[in-house]
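Structure record follows, encoded as structure tokens.
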Amino acid sequence: MDYFNYKNDKLFCEDVDLQDIAKEFGTPSYVYSKKTLERHVDVYKNAFKTKNNLVCFSVKSLSNISILKILNEKGCGFDVVSGGELKRALLAGADPKKIIFSGVGKSHDEIVLGIQKEILSFNIESESEVFRIEEIASLENQTANLAIRFNPEIDSGGHEYIKTGRKGDKFGISSNKLILKIADYINNSKHLKLVGLACHIGSQITDLESYRLTARNIKNLSITIKEIGSPLEFLDLGGGLGIPYAKDKTPSPEELISIIEEELKDIEERIILEPGRSISGNAGILLTKVEYIKDKFLIVDAAMNDLLRPALYSASHEVWNLTDSALKKELWTIVGPICESSDFIAKDYLINAVQGDILAIKTTGAYGFVMSSNYNSRLRSAEVLVDGEEFNIIRSRESFNDLIKNEINLND
Ligand SMILES: Cc1ncc(COP(=O)(O)O)c(C=O)c1O
Numbered sequence: 003m004d005y006f007n008y009k010n011d012k013l014f015c016e017d018v019d020l021q022d023i024a025k026e027f028g029t030p031s032y033v034y035s036k037k038t039l040e041r042h043v044d045v046y047k048n049a050f051k052t053k054n055n056l057v058c059f060s061v062k063s064l065s066n067i068s069i070l071k072i073l074n075e076k077g078c079g080f081d082v083v084s085g086g087e088l089k090r091a092l093l094a095g096a097d098p099k100k101i102i103f104s105g106v107g108k109s110h111d112e113i114v115l116g117i118q119k120e121i122l123s124f125n126i127e128s129e130s131e132v133f134r135i136e137e138i139a140s141l142e143n144q145t146a147n148l149a150i151r152f153n154p155e156i157d158s159g160g161h162e163y164i165k166t167g168r169k170g171d172k173f174g175i176s177s178n179k180l181i182l183k184i185a186d187y188i189n190n191s192k193h194l195k196l197v198g199l200a201c202h203i204g205s206q207i208t209d210l211e212s213y214r215l216t217a218r219n220i221k222n223l224s225i226t227i228k229e230i231g232s233p234l235e236f237l238d239l240g241g242g243l244g245i246p247y248a249k250d251k252t253p254s255p256e257e258l259i260s261i262i263e264e265e266l267k268d269i270e271e272r273i274i275l276e277p278g279r280s281i282s283g284n285a286g287i288l289l290t291k292v293e294y295i296k297d298k299f300l301i302v303d304a305a306m307n308d309l310l311r312p313a314l315y316s317a318s319h320e321v322w323n324l325t326d327s328a329l330k331k332e333l334w335t336i337v338g339p340i341c342e343s344s345d346f347i348a349k350d351y352l353i354n355a356v357q358g359d360i361l362a363i364k365t366t367g368a369y370g371f372v373m374s375s376n377y378n379s380r381l382r383s384a385e386v387l388v389d390g391e392e393f394n395i396i397r398s399r400e401s402f403n404d405l406i407k408n409e410i411n412l413n414d
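For the sequence shown, position 99 matches number 101 in my numbering, and the numbering has no gaps at all.
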């Protein structure tokens, strides 16, 4: 559920007419609903029957510091995958003891930062990463907390590019033998502590059976690890829950958590989840203006540099006109100004629109702005946060100076 609704034929975000935002900040602009974000966190938290669980919001899906602040105030922890994301979470006021650092390629400096900040866990993905963290922890005279990310070799369905838990994927460790060897190594290290087991099998997952199997595997593995004398503090089932982009039906966080709790009953470890998309996805829209109409094309001012998902994953998004007029709907292909045929928002899409209209590309809160770029020397769009009747800019539209500020003109 989200808070983007028509009132008297005008599209509102909470109590704000989206035309007012377009007028004040221009287009393309991302707009986020605070109430929607807060509601999603509540849905996750209230779904747990067990106590002492932790929802670590996946920062990669939407990383604006003002958004992270809202989620921090709601009690979320954070799942980060880079030093930049870690710094963002800390700037938002996050407690390092609620931060998990995932990713296959953590750099030296990122590990130093995580150790110095004493984060909850590095979710390690290889044996060589363990050795590197140990060496750095020893130099820092600290103990680093580690969870082993295992790869259950499960195909979670959906797009090829967002499956992460299959045999041969670069993520996690598949071999139980190697996991036990690493667990043993960590237990015997002065500078490492084994605190958990983790996995993340993919994104936009709509089949809960893959979570059930993963939970079963992680539980069995945790039992074996405990038998060799390693008590664990948490089991982290990752993120990945799918959301409806068109009118498709997707499982709810309640259904997901009920399956996980059923599979993990009788365990003492706390459960951690790392949802991204299912918290931020439908909390955001992208406003864009129809610049031109040509043949069957609506040419809008947002492009693949603003929203990469259609070009990258052939993703579908609903598109709504800010004014729900009585004009007859027609089939349009909605495209941006970038010089690539993959630069489209939607193909053969039924909508009414005339030149100058403002459209809302829905469910773009996750993997929207964070994937934007300056391709074609376009300026990244503005980000705006709505809270009830108020709206505020939370990232200014880039300027030409922003675009070239790191370039060095050798002729000067
Ligand atoms: C390790 C990890 N955790 C959590 C997530 C969040 O996934 P989603 O946004 O699908 O919930 C991702 C995204 O791919 C991830 O790589």
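Cβ coordinates follow ideal geometry from the N, Cα and C atoms, glycine included.
Asked, Found
"DSSP three-state call for K249: helix, strand or coil?", "coil"
"Near D22, what residues of its chain come up, given a Cβ to Cβ distance below 8 Å and the 5 sequence neighbours on each side ignored?", "F393"
"Is any heavy atom of ligand 1 found at a distance shorter than 7 Å from the C-beta of S63?", "yes"
"Taking 7 Å as the cut-off, does the CB of Q206 come closer than this to any heavy atom belonging to ligand 1?", "yes"
"Could you check if Y213 is buried or exposed, using at least 16 other CB atoms within 10 Å of its CB as the buried criterion?", "buried"
"Going by Cα to Cα distance, which pick from S104, I396, D359 and H42 is closest to K62?", "S104"
"Is the shortest distance between the beta-carbon of L352 and the beta-carbons of chain C less than 8 Å?", "The chain labelled as chain C is not found in the depicted structure, where only one protein chain is given."
"Whose CA, out of K119, D209, N143 and K108, lies closest to the CA of R134?", "K108"
"Short of 6 Å in beta carbon distance, which residues of its chain neighbour D303, apart from the five on each side in sequence? Order them along the chain.", "T29, P30, T290, K291 and E293"
"When you compare only the Cα positions, how much space is there between I188 and I181?", "10 Å"
"With distances taken Cα to Cα, identify the nearest neighbour of E155 among I269, K172, V43 and C341.", "K172"
"May I ask you to check if the CB of H202 is nearer than 7 Å to at least one heavy atom of ligand 1?", "yes"
"Measuring CB to CB, does T145 end up less than 8 Å from H110?", "no"
"Give me the Cα-Cα distance between A368 and I347, rounded to the nearest whole angstrom.", "15 Å"
"Run the CB neighbour count on Q206, radius 10 Å, all protein chains shown included, and call it buried at 16 or more, exposed below.", "buried"
"Beta-carbon within less than 8 Å of D345's beta-carbon, same chain only, minus the 5 sequence neighbours each way: which residues are those?", "A305, M306, A313, V337, G338 and P339"
"Bridge partners for D275 per DSSP, in chain order?", "A small correction: the amino acid at residue 275 is Leu; Asp does not occupy that position in the sequence shown. L275 pairs with V57."
"Identify every residue that forms a DSSP beta bridge with S35.", "V388"
"Nearest-angstrom Cα distance between D326 and R311?", "26 Å"
"Let's see if you can read the secondary structure: which residues bound the beta strand (DSSP E) around Y377?", "That residue, Y377, is in no beta strand (DSSP E); it is neither H nor E in DSSP."
"Kindly confirm or deny that the stretch 77-84 and the stretch 215-231 touch, where touching means at least three C-beta pairs closer than 8 Å.", "no"
"In chain order, what residues of the same chain lie with their CB nearer than 6 Å to the CB of L56, ignoring the 5 residues before and after it?", "G79 and I274"
"Among I396, T38, L381 and L266, which one has its Cα closest to the Cα of F50?", "L266"
"Among residues of its own chain, excluding the 5 on either side of N376, which ones have a beta-carbon nearer than 7 Å to its beta-carbon?", "N307, R382 and L405"
"Assuming the contact rule is C-beta atoms closer than 8 Å, R90 and N125 should be a hit. Round their C-beta distance to whole Å, please.", "Contact doesn't hold; Cβ gap of about 18 Å is too wide."
"Tell me the DSSP secondary structure of I281 in three-state form.", "helix"
"Using 8 Å for Cβ pairs, my map puts I117 next to E142. What's the rounded Cβ distance?", "5 Å"
"Just to confirm before moving on: does the CB-CB distance between V33 and I287 stay below 8 Å?", "yes"
"Could you check the C-alpha separation between V83 and I69 for me, to the nearest Å?", "17 Å"
"Looking only at its own chain, which residues have a Cβ that is under 6 Å from the Cβ of C15, when we skip the five neighbours before and after it?", "F6, V33, S35 and V388"
"If you check the beta carbons only, do L329 and I360 fall under 8 Å apart?", "no"
"Using the beta-carbon count (16 or more within 10 Å), is C341 buried or exposed?", "exposed"
"Which residues in the same chain have their Cβ closer than 8 Å to the Cβ of V372, if we skip the five residues on either side of it in sequence?", "K62, S63, L64 and S65"
"Give, in chain order, every unbroken run of the alpha helix (DSSP H) that is at least 4 residues long and sits entirely within the stretch 296-352.", "311-315"
"Can you tell me which of the three DSSP states V45 falls into?", "helix"
"Could you check the C-alpha separation between P277 and L412 for me, to the nearest Å?", "45 Å"
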